[in-house]
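Visitor: In terms of the working numbering, the sequence shown opens at residue 792 and continues consecutively.
The C-beta atom is built at its ideal place from N, Cα and C for all residues, glycine as well.
These numbers come from a predicted model, not from an experiment.
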Amino acid sequence: MKKTIILHSMPKILSLFLFLVLGYTQAQTPEKLNASEIHQEIKKLNFLGSVLYVGAHPDDENTRLISYFANEEKARVAYLSLTRGDGGQNLIGPELREQLGLIRTQELLAARNIDGGEQFFTRANDFGYSKTPEETLQIWDKDKVLSDVVLTIRKFKPDVIINRFDHRSPGSTHGHHTSSAMLSLEAFELAAKPSAYPEQLNYTSVFQPKRVFFNTSYWFYGSREAFEEADKSAMLSLDVGVYFPELGLSNSEIAAISRSQHQSQGFGSTGTRGESREYLELIKGDMPQADVFEGINTSWSRIEGGEEIGEILGQVESEFNFRDPSQSLPQLIEAYKLIQELKNDHWREVKSQHIKEIIVACSGLFLEAVAASPSATGGEQVPLELEAINRSNFPISLNSVELSPNNSQIEVKKALDNNQSWTEELRLRLPESAENTSPYWLKDESTNGMYKVANPELIGLPETPVQTRARFRMDFNGTEIEIEKPIIHKFNDAVFGETYRPFMIIPEVSVSFEKDVEIFEKAEPRSISVVVTAGKDSLKGSLRLEAGRNWKILPEEASFKINQKGGTAIRTFEIIPPEDQDETFIKPIAKVGDKEYSDKLIQIDYEHIPLQNLVIPAKLKAVRIKIQKKGEYIGYIDGAGDAVPQSLEQIGYRVEHLEPAEISNESLEKFDAVVTGIRAYNVVEELKYRQKDLLEYVKNGGNLIVQYNTNRGLIVDNPAPFPLQISRDRVTDEKAPVNFVTKDHPVLNKPNKITERDFKNWVQERGLYFPDQWSEEFVPILSMNDEGEEPTQGSLLVAKYGDGYFIYTGLSFFRQFPEGIPGAYRLFANMVSIGKE
Ligand SMILES: [Zn+2]
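1) Could you tell me if E886 is buried or exposed, where buried requires 16 or more neighbouring beta carbons within 10 angstroms of its beta carbon?
2) Taking R1617 as part of the alpha helix (DSSP H), name the residues at either end of that continuous run.
3) Using the Cα positions of Q1555 and K1526, report the straight-line distance between them to the nearest angstrom.
4) Would you kindly report the start and end of the unbroken alpha helix (DSSP H) that includes L900?
5) Nearest to Q1167 by alpha carbon, out of P1537, K1205, R1218, F1561?
6) With E1226 and I1296 assumed to form a contact (beta carbons below 8 Å), what rounded beta-carbon distance in angstroms separates them?
7) Which residue marks the beginning of the alpha helix (DSSP H) containing F956, and which one marks its end?
8) Checking 8 Å against the spacing of the C-beta atoms, do Q1052 and A901 come in under that value?
9) Are the Cβ atoms of N837 and W1091 separated by less than 8 Å?
10) Would you check if the distance between the CB atom of I1416 and the CB atom of Y1242 is smaller than 8 Å?
11) Who are F1531's beta bridge partners in DSSP?
12) Return the CA-CA distance between W1213 and L1207, expressed in angstroms with no decimal places.
13) Output the boundary residues of the beta strand (DSSP E) element that contains F1068.
14) In or out: N1042 buried (at least 16 other Cβ within 10 Å) or exposed?
15) Report yes or no: do three or more beta-carbon pairs, one from the region 858-865 and one from the region 980-992, lie closer than 8 Å?
16) Going by DSSP in three states, A1163 sits in which element: helix, strand or coil?
17) Would DSSP call I797 helix, strand or coil?
18) Would you mind stating whether I1517 and V1475 have Cβ atoms separated by less than 8 Å?
19) Compute the Euclidean distance between the alpha carbons of S1028 and E1108, then round it to the nearest angstrom.
20) In this structure, does DSSP put N1404 in helix, strand or coil?
21) In its own chain, which residues sit with a C-beta less than 8 Å from the C-beta of G919, not counting the 5 before and 5 after it?
22) May I ask you to check if the CB of H968 is nearer than 7 Å to at least one heavy atom of ligand 1?
23) Taking the straight line between their C-alpha atoms, what separation do you get for Y859 and P1571?
24) Please list the terminal residues of the continuous beta strand (DSSP E) segment that includes E1216.
25) Bridge partners of P1174, per DSSP?
26) Counting only the same chain and skipping the five closest in sequence on each side, list residues whose C-beta sits under 7 Å from that of N1456.
27) For M973, name the three-state secondary structure that DSSP assigns.
28) Please find out if some non-hydrogen atom of ligand 1 comes closer than 7 Å to the beta-carbon of D850.
29) Hey, which unbroken runs of the alpha helix (DSSP H) at 4 residues or more fall wholly within the region 1328-1416?
30) Report the start-end ranges of each alpha helix (DSSP H) in the region 1045-1117 that is 4 residues or longer and not cut off at the edges.
31) In the DSSP assignment, the beta strand (DSSP E) including I1598 goes from what residue to what residue?
32) Would F1351 and V1308 be called neighbours here (beta carbons separated by less than 8 Å)?
33) Please determine, among R1068, V1257, P1253, the residue with the shortest C-alpha to C-alpha distance to P1196.
34) When the Cα of E1125 is compared with those of K1001, E1271, S1014, which residue comes out closest?
35) If you draw a straight line from the C-alpha of Q1403 to the C-alpha of F1157, how long is it?
36) Excluding the 5 residues flanking G1593 on each side, which residues of the same chain have their C-beta closer than 8 Å to its C-beta?
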């Protein structure tokens, strides 16, 4: 049920128990509630109040508060993360940008699955660090993001909004953060106005939340002491350290398990027990004494026709039989019928879905539609097995099952006797037009600041609604209730046992390159391979490549034949680059019959999240760079993880990864340059003992290039041979003008003459953590600044030391290289070449 609940933004059933028992490998297993969990859900069913928590990124959310509202107050809670966190770094794999955003989306869903919240997003793209909300709201389309926040409020209808950040403190934190609070306050005012974004009212209605709080803490006051002394008269203080005997866990323990889902960010957390305070500062609305819902009716009598439902369900809650939850079924069915008659669309939908899940759980009803294969293509017939079993004495029968997306229906009319299983095998015919399983926000080309979503009804949803579904029409003693399940795939794994996978629709043919970027440092032809993968059996066709007119490709066409689904064919083409510097996107086109295919299929498979399918255009960026090099052998000390070594190999360097333990005076001698990976002096403990050898190497004529490190947690006092102080200075505007302060320095002239053109088309930022003080031995080369700030000269510093050179640079080569930015390569080649006349 997990998927459908999330997709229709309905209350989520806490699956904590399952997670704890089975561990994370079973992240995709449907939930089965025990009696204690069912009772918890009934309590939540009887609470009609909602909280929306607002932040900017995956990980901004306070899982202690979310879990507190969901599990202690029994409220509906959702986290609205304006972005999907695409701009960050990935600690568990190679995925970056939109693929990282996809992983983080699923990590947030996994976290909500634990803490009991729901999850929403806007179309804002996490473009990287931003110093001010002004810059953020310029790069995002402010009006669209605001519209999405308004839409979330109108759809979720929160009584209370809690901002993670302070709208009054621009400049003191990430611009995305302050923006999230500013937009939340604006949306609070607009959500109730029919004149604001009137097009939304075609599928939702206006709504006015009651209060907005800011979830403050000592962090925003600079110290614990300062916070202790702060005036707290406009603050509500909550003890969120409560213990839940039904779950055997404290709220902080649940919050830690939830937080630990952010594996790509390395946020494993350990739970605590005992009192724990959270502070909510009132920003809008009236000040409550003790509870955020004060003065808000959160019982069934809140809505017209709700009183009677409340009486019935109140009894269900107080008379619940933990040995036989099915004894509640007559009253639950009665309440279900009354809920269908409610005039309030919002609560009718929310509570219908929730009570259905409780009815299913109370009857021990197991319903499943299993596809025999993990994936299929449009037009394919998929063998399916349906299963239905009632584990109660309540009279339940299965009337029919309807399958999506083709809406075929099978009549069953079968009484389900206690613990007697019904199964049926059939075939689901997928329509030719069935859409590939892929995230909706990645279907169209995005901009730096925004994702494009063509269907307005998808905006805000965490993921694409599953197309392939089975609707079981059940009869509960005369009352028909439709229960919807996504079609899934499952198999037995010899190690893990029963293993669930989402069932996916994939393209008939997918095409891919081995790399995203190919750099031609010489005007010589190079062979490039294209992999064709069959999504179905016996596939025959032809493959060709398209590129810009300065580029030649041979042969013009290659044929392929693949016998089996999942099989591949590799075809090799000769790419002949132009003489002059140029770049192009090479697009593969596979033709089968009269259909053409140019998409690649990516599957992202981690144990803590469901398998993700991504179908996006395949393309290879080919870049012809005119570049000269002196020296060719580089030793690389890996830092926190970057693709710099592979990139340097692309332009013809020989790169050897250096194990820190093997660094010695002698082992370094052979290198033309030694380069440290990003944040190496923050993460490689061993460098403490190797710094002497590294500097000795420089002294003897070597060339050491140190890429950025953060000033906090440096492993050595100083990574340089002369005084150097790393600061937090950064230039986040990737287009910021660059001035050459030491024009005749070799690093700007030899062997490549660096010009303004070399700083064109940089991505994400110029650089970060530039030193702000250095001794006179260092020569600053460049000067740059973000708009409205003082120029900094710390981005590239070169010092002669003994017979060699020491270079410190915060320029973000690690971001430019994978994008094939020619200027970044040419400048880096000069850095490696320095001193080699
Ligand atoms: Zn953040």
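Guide: By the coordinates alone:
1) buried
2) 1613-1624
3) 9 Å
4) 888-906
5) In the sequence as presented, Gln is not what sits at residue 1167; that position holds Ala. Of the listed residues, the one whose Cα sits closest to A1167 is R1218.
6) 7 Å
7) Premise fails: F956 is in no alpha helix (DSSP H) and is neither H nor E.
8) yes
9) yes
10) no
11) L1573
12) 7 Å
13) Checking the displayed sequence, the identity of residue 1068 turns out to be Arg instead of Phe. From DSSP, the beta strand (DSSP E) with R1068 extends over 1068-1075.
14) buried
15) no
16) coil
17) Confidence at I797 is low in this model, with a pLDDT of 32, below 50, so the placement of that residue is unreliable and no value is reported for it.
18) no
19) 29 Å
20) strand
21) G878, T1523, Q1555, E1556
22) yes
23) 52 Å
24) 1213-1220
25) R1218
26) D1484, E1487, Y1488
27) helix
28) yes
29) none
30) 1097-1109
31) 1595-1600
32) no
33) V1257
34) E1271
35) 25 Å
36) V1489, K1490, N1491, G1492
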